[in-house]
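Chemist:
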């Protein structure tokens with residue numbers, strides 16, 4: 012691993028990377044409006060529960076894409092399964108939008124064989140396009156080791172949650188950083204679990220989070236896309 016590959020992974024995790032990742036709340040906005048998430052303690056509990064589910068959802072999908080980057084048939088199956096396990100419509104639509112923006116942007120920045128292949132699969136309708144798969148393929152191609160790639164990806168996901176919650180509840184920036192700092196202690200365990208996940212294990216979800224994401228579809232006004 013080189014410093015360059017780590018920096019390249021950090022680049023796609025930055026809020027400045029223009030694909031719209033920070034416009035998704037995945038139901039968190041609904042929970043705030045329903046007053047189910049109103050305090051620092053509520054957010055801390057939400058983040059911890061979210062991280063317990065990550066190995067069987069986005070993180071697990073990303074790690075499997077990294078592991079099987081050279082297996083087109085498996086990646087097509089993974090793409091199909093990754094859509095099937097996302098129950099809320101806005102969550103499915105959100106990951107597709109992120110994926111297509113991600114692939115389009117990288118085509119303008121630098122050509123990566125695996126991303127070009129995935130973009131063609133999406134274009135031809137053989138895949139739908141999951142952002143987590145694109146991230147896994149990218150991490151593998153830049154030569155970043157699996158565990159570190161997973162850790163950076165988890166950091167990206169939980170940072171997005173905390174940032175959105177701090178603005179929406181609202182909470183203080185200090186409270187957000189305290190929650191984030193404590194969550195970092197779970198990252199290594201989260202990645203280790205995801206590394207062992209098989210395709211058949213995907214789909215373990217948080218029912219309350221899914222319902223909140225579904226309810227978000229009918230909100231009269233909203234700040235986020237999901």
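Residue numbers (the working numbering): 12 to 237. Just so you know, even glycine gets a beta-carbon here, dropped at the ideal spot from N, CA and C.
Could you work out which residue in 169, 192, 165, 86 is closest to residue 130 when comparing CA atoms only?
Modeler: Walking along the chain shown from the start, residue 130 turns up at place 119. Checked all of 169, 192, 165, 86; the closest Cα to residue 130 is 86.
Chemist: For the region 24-83, which segments carrying the alpha helix (DSSP H) assignment without a break, of at least 4 residues, lie completely within its bounds, in sequence order?
Modeler: Counting whole runs of 4 or more residues, the region 24-83 contains the alpha helix (DSSP H) stretches 39-44, 51-64, 69-78.
Chemist: Answer yes if the region 57-70 comes into contact with the region 205-223, meaning at least three C-beta pairs across the two stretches below 8 Å, and no otherwise.
Modeler: The answer is yes - the region 57-70 touches the region 205-223, with three or more Cβ pairs under 8 Å.
Chemist: Distance, Cα to Cα, residue 56 vs residue 139?
Modeler: The residue labelled residue 56 in the question sits at position 45 within the chain shown. The residue labelled residue 139 in the question sits at position 128 within the chain shown. Going by the C-alpha atoms only, they are around 33 Å apart.
Chemist: Going by the CB atoms, is the gap between residue 220 and residue 147 shorter than 8 Å?
Modeler: Working through the chain shown from its first residue, we reach residue 147 at position 136. Working through the chain shown from its first residue, we reach residue 220 at position 209. Not a contact, by the Cβ cut-off of 8 Å.
Chemist: Locate the alpha helix (DSSP H) running through residue 165, then write down its first and last residues.
Modeler: Numbered from its first residue, the chain shown carries residue 165 at position 154. 157-179 is the extent of the alpha helix (DSSP H) around residue 165.
Chemist: Compute the Euclidean distance between the alpha carbons of residue 111 and residue 14, then round it to the nearest angstrom.
Modeler: The count along the chain shown starts at 1 and reaches residue 111 at position 100. The count along the chain shown starts at 1 and reaches residue 14 at position 3. If you take the alpha carbons of residue 111 and residue 14, they lie about 27 Å apart.
Chemist: How many whole angstroms separate the CB atoms of residue 58 and residue 194, which I take to be in contact at a CB cut-off of 8 Å?
Modeler: Locating residue 58 in the chain shown gives position 47, where the first residue counts as 1. Locating residue 194 in the chain shown gives position 183, where the first residue counts as 1. Contact holds; Cβ gap of about 5 Å.
Chemist: Is there a Cβ from chain C that is less than 8 Å from the Cβ of residue 206?
Modeler: Although the question refers to chain C, the structure presented lacks it and comprises just one protein chain.
Chemist: With H, G and I counted as helix, E and B as strand and the rest as coil, what does DSSP make of residue 151?
Modeler: Taking the chain shown and counting its residues from 1, the one referred to as residue 151 is at position 140. The answer is helix: DSSP assigns residue 151 an H, G or I state.
Chemist: Go ahead and pull the three-state DSSP assignment for residue 237.
Modeler: Taking the first residue of the chain shown as 1, we reach residue 237 at position 226. Note that residue 237 has pLDDT 43, beneath the 50 cutoff, so the model's placement of it is unreliable and the number below is only indicative. It is coil, neither helix nor strand.
Chemist: Taking the straight line between their C-alpha atoms, what separation do you get for residue 177 and residue 54?
Modeler: The count along the chain shown starts at 1 and reaches residue 177 at position 166. The count along the chain shown starts at 1 and reaches residue 54 at position 43. Cα-Cα distance, rounded: 9 Å.
Chemist: Residue 172: buried (16+ other C-beta within 10 angstroms of its C-beta) or exposed?
Modeler: Locating residue 172 in the chain shown gives position 161, counting from the first residue. Under this definition residue 172 is a buried residue.
Chemist: Check for me: the alpha helix (DSSP H) holding residue 110 runs from which residue to which?
Modeler: Position 99 of the chain shown, counted from the first residue, corresponds to residue 110. Run containing residue 110: 100-120, per the alpha helix (DSSP H) assignment.
Chemist: Roughly how far, in whole angstroms, is the beta-carbon of residue 126 from the beta-carbon of residue 145, given that I think they are within contact range, below 8 Å?
Modeler: Translated into positions along the chain shown, residue 126 becomes position 115. Translated into positions along the chain shown, residue 145 becomes position 134. Confirmed, about 7 Å.
Chemist: I'd like the span of the alpha helix (DSSP H) that includes residue 191, first residue to last.
Modeler: Along the chain shown, one-based indexing puts residue 191 at 180. Note, residue 191: alpha helix (DSSP H), 184-206.
Chemist: Hey, out of 223, 113, 183, whose CA is closest to residue 27's CA?
Modeler: By 1-based counting over the chain shown, the position of residue 27 is 16. Closest by alpha carbon: 113.
Chemist: Just reading off the alpha helix (DSSP H) that residue 123 is part of, what are its end residues?
Modeler: Along the chain shown, one-based indexing puts residue 123 at 112. Looking at the DSSP string, residue 123 is not in any alpha helix (DSSP H), and its letter there is neither H nor E.
Chemist: Compute the Euclidean distance between the alpha carbons of residue 197 and residue 170, then round it to the nearest angstrom.
Modeler: On the chain shown, residue 197 is found 186 positions in, with the first residue counted as 1. On the chain shown, residue 170 is found 159 positions in, with the first residue counted as 1. Near 14 Å, if we compare the C-alpha coordinates of residue 170 and residue 197.
Chemist: For a quick check, are the C-beta atoms of residue 109 and residue 30 less than 8 Å apart?
Modeler: As a first step, residue 109 must be located in the chain shown, where it is residue number 98. As a first step, residue 30 must be located in the chain shown, where it is residue number 19. Yes.
Chemist: How long is the line joining the alpha carbons of residue 100 and residue 141, rounded to whole angstroms?
Modeler: Reading the chain shown from its first residue, position 89 is the one you call residue 100. Reading the chain shown from its first residue, position 130 is the one you call residue 141. If you take the alpha carbons of residue 100 and residue 141, they lie about 14 Å apart.
Chemist: Looking only at C-alpha atoms, which of 62, 94, 47, 124 sits nearest to residue 222?
Modeler: What you label residue 222 is simply residue 211 of the chain shown in a count that begins at 1. Out of 62, 94, 47, 124, 47 has the C-alpha closest to the C-alpha of residue 222.
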